[in-house]
Amino acid sequence: MQKNIEKTVTKLLKTESVEELAKFLNEANIAYRNTSKPLISDDTYDLLEERLRTLDPKHPFLKKIGAVPGDDIGNKVKLPYWMGSLDKIRDDPKAIDKWKSTYTGDSLISDKLDGNSALVSYVKGVATLYSRGDGKMGQNISHLISFLKFPILHNEDVAIRGEIIISKDNWKIIHDTHPEYANARNLVAGILHSKKPDESVAKYIDFVAYELIKGPKIEAGAASVTPSQSIEYIKSLGFKTVYTRILSQDELTVERLTDILVERRKDSPYDIDGIVVYNNKIHKLASGKNPKYAFAFKSMLTHTEAEVIVNDVIWNISKDGYYKPTVTFDTITLGGVNIQKATGFNALFIEKNKIGKGAHIIIIRSGDVIPHILRVLSPASDGKPSFPEGGPSGPGGPHGPKTSKWEWNESHVDIMVKSDEGASLGDEQKLKVLEHFAKTLDIKFVAKGTLVKMIEAGFDTIPKFFKIKSEDLLKLEGFKKTSSEKIAKSIADTFNNATCVDMMAASNIFGRGFGTRKLTSIIKEIPEILRGKTPTLHEMTEIDGIAETSAKAFLQALPKFFILMNSIPMECRAPGAPIAAPVAAHVTETSAVAPAAPAVSFKDMKIIFTGFRNKDWEKQIELHEGKVTTSVSKNTTLLVASDVNEKSSKIEKARELGIKIISKETFEKDYNL
């Protein structure tokens, strides 16, 4: 199927047949709007749409809005208000100048969120939620309201458009457990079309509002507020709103919009696929057609792509034992940067597309993002995917020796080191495990090169790592007395200071999805774990944010963790507990002092750092019941800045919302850090 689509896309990018191109775009549009499995990527869709626009600028498909929900999708309804789309302008100075000649004055700029368009309508304070469909017919998705935390409005009649979307941070949290979804948008589409969505995932969705359709100053489509006033009113109701800024008419150029698009792709807490430009004056709301006073700006200048021939697929083993593919090719220059490799995503992508030596692929580099494969034009020369040696044998799969070194995971998305009981890790995975361990515990002076030499010398496990002495390091090539003593002392200091949660997170025994925050919440709810208790599955699933799958994974790993702590040996110390007598660094006498508690409680505070990071402070905040976040919202308690006078988007938004802003020096002093 995928192979046929690739051939079709390659053909259509060169075709002169308007009918063939429009038919395929219609099929892709329906799959994109009504399923969680789009036929092609957004970039490929945009390229094909541009091809159709070149061949037939007035084709009816180019005026089409969304897609009517399929017959297999329930709760189809006629929408209470028209939910149109936007005309697009791409890198065309003449088109922007023409628009400016009609719509003068300031413009309101906002993110074009890459989510799923929706409408919430309050009638006498009762909310109903709709998906867009084709703008006329949509879907009643009110069963999702409980996940979206809408404000309570008493007796108001209000209608607001927005995007149902998952933030970048939340996507990171759930991606490891849902590898079948290519991106956050596909996951949201799956939730929208599910009658009984998975609550452990649905709780992460947001409704981000961007347009007032009906309100105190909008009746029957006759608005008496500007777009910026509309956003301010929506904010006043308690909704989360899209990022906006004002541009003067002179500033509204392709170059400035491209700069903003690149900036927002980097800084937005959500994925965006463009920016929206509104003339910031009062306009009658459009009905049955796209508004002329606004447009979506998308720039191919922020993307750079090239066709290359694959030389090899390199497989690197992660700390979790997963093989991750990197595709290599002859050096090319994209956007002034020399590139010779790109991510191969995962094993399933390599298998489905038969990527190996000789495959023809299109590489794209967007802004500062790591280059990736936009599409595959033809498979490997031998028609087979390139996998690591030693794979499982059998029909339909890669062939290798009978004694396999790797196997597919349960979802058949990734390949991983074969989990034979009692089998030792290979040197590559040992290095990744110890790298993660040293980085998580912030062990000073222990770099990758140091770890490689330690592993070669036999110090290749966490217990052995903690037992290393300065005289052992002196025997290794390139180590001097001073550096050996520094490293040995740093390791000893870590031993003296590390809590049980630190060791859980750093050891990686619990695997994907178990970072410091999640482990801290588990220990907080079941502190008896520190004394060797194994909780029940029921006790684990009672913890907020711990689904059954995560609970089972934790319980399966816990005995291994206890074995590790006993083999070091090391006390399982609670966060904030006094530190026992220090272990010598095998250099000089050392003393360890328990970290002081903050002068003020962090309980229930949501704190953002901007312009810097400080892992020690983050740890202190989390240990004392606070939370470090990355996106400024009305729920943010405090913004700590490296420079309070800097005009960054986070600082500007914090000022708009009246959030307290302090310098990192003041924060350190006030909170005794």
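Numbering (the UniProt record's numbering), first residue to last: 1 to 673.
Built from N, CA and C at the ideal position, the CB exists for glycine as well.
Owing to the predicted nature of the structure, the values given are computational and were not obtained by experimental measurement.
Just measuring C-alpha positions, the residue of Tyr671, Thr102 and Thr241 sitting nearest Ile164 is Thr241. For Lys235, the CB contacts under 6 Å within the same chain, skipping 5 residues up- and downstream, are Thr241 in chain order. In the three-state DSSP reduction, Asn338 falls in the strand class (E or B).
Between Ile173 and Ile213, the gap from beta carbon to beta carbon reaches 8 Å or more. Sixteen is the threshold: when 16 or more other Cβ atoms of the shown chains lie within 10 Å of the Cβ of Leu52, as they do, the residue is buried.
DSSP places His193 outside both helix and strand once states are collapsed to three, so it counts as coil. Cβ atoms of Thr549 and Thr177 come within 8 Å of each other, at about 6 Å. Ranked by Cα distance from Glu542, the first of Phe437, Glu525, Phe602 and Ser507 is Glu525.
Assigned with DSSP and collapsed to three states, Glu542 falls in coil, not helix or strand. Taking 8 Å as the cut-off, the Cβ atoms of Phe465 and Leu441 do not count as close. The Cβ neighbour count for Ala551, taken over all protein chains shown within 10 Å, is at least 16; the residue is labelled buried. Remark: C-beta atoms of Arg375 and Thr128 do not approach each other more closely than 8 Å. Apart from sequence neighbours up to five positions away, the residues of its chain that approach Asp643 with a beta-carbon distance below 8 Å are Gly611 and Ser663, ordered along the chain. Cβ contact annotation for Leu144 (same chain, cutoff 8 Å, sequence separation greater than five): Leu129, Ile164, Ile191, Leu192, Pro197, Ala202 and Ile205, in chain order. Bounds of the beta strand (DSSP E) holding Glu211 are Ile205 to Lys214. Per the C-alpha coordinates, the member of Gly274, Gly238 and Glu255 positioned closest to Asp87 is Gly274. Separation of Gly125 and Arg256 (C-alpha to C-alpha, rounded to the nearest whole angstrom) is 41 Å. Sequence-distant Cβ neighbours of Leu657 in its own chain, meaning closer than 6 Å and more than five residues away, are Lys634.
For Tyr130, the secondary structure class from DSSP, reduced to helix, strand or coil, is strand.
Per DSSP, the continuous alpha helix (DSSP H) segment holding Phe349 begins and ends at Ala347 to Asn353. Taking a contact to require three or more Cβ pairs closer than 8 Å, the region 500 to 511 and the region 551 to 570 qualify as touching. Asn29 and Glu20 have their C-alpha atoms roughly 14 Å apart.
In the structure shown, Gln620 adopts helical secondary structure according to DSSP, grouped into three states.
Pairing Ile350 with Pro385 gives a Cβ-Cβ distance under 8 Å. Rounded to whole angstroms, His624 and Met605 show a C-alpha spacing of 10 Å. Secondary structure of Lys324 (DSSP, three-state): strand. Here Arg132 is not near Lys298, since their CB atoms are 8 Å or more apart.
If you draw a straight line from the Cα of Asn155 to the Cα of Pro535, it is about 47 Å long.
Taking a C-beta distance under 8 Å as the contact criterion, Ile455 and Asp427 qualify as a contact pair. Remark: C-beta atoms of Ala359 and Val413 do not approach each other more closely than 8 Å. Here the C-alpha atom of Ile317 lies approximately 52 Å from the C-alpha atom of Gln229. For Val158, the enclosing beta strand (DSSP E) starts and ends at Val158 to Ile166. For Leu555, the CB contacts under 8 Å within the same chain, skipping 5 residues up- and downstream, are Thr534, Pro535, Leu537 and Met540 in chain order.
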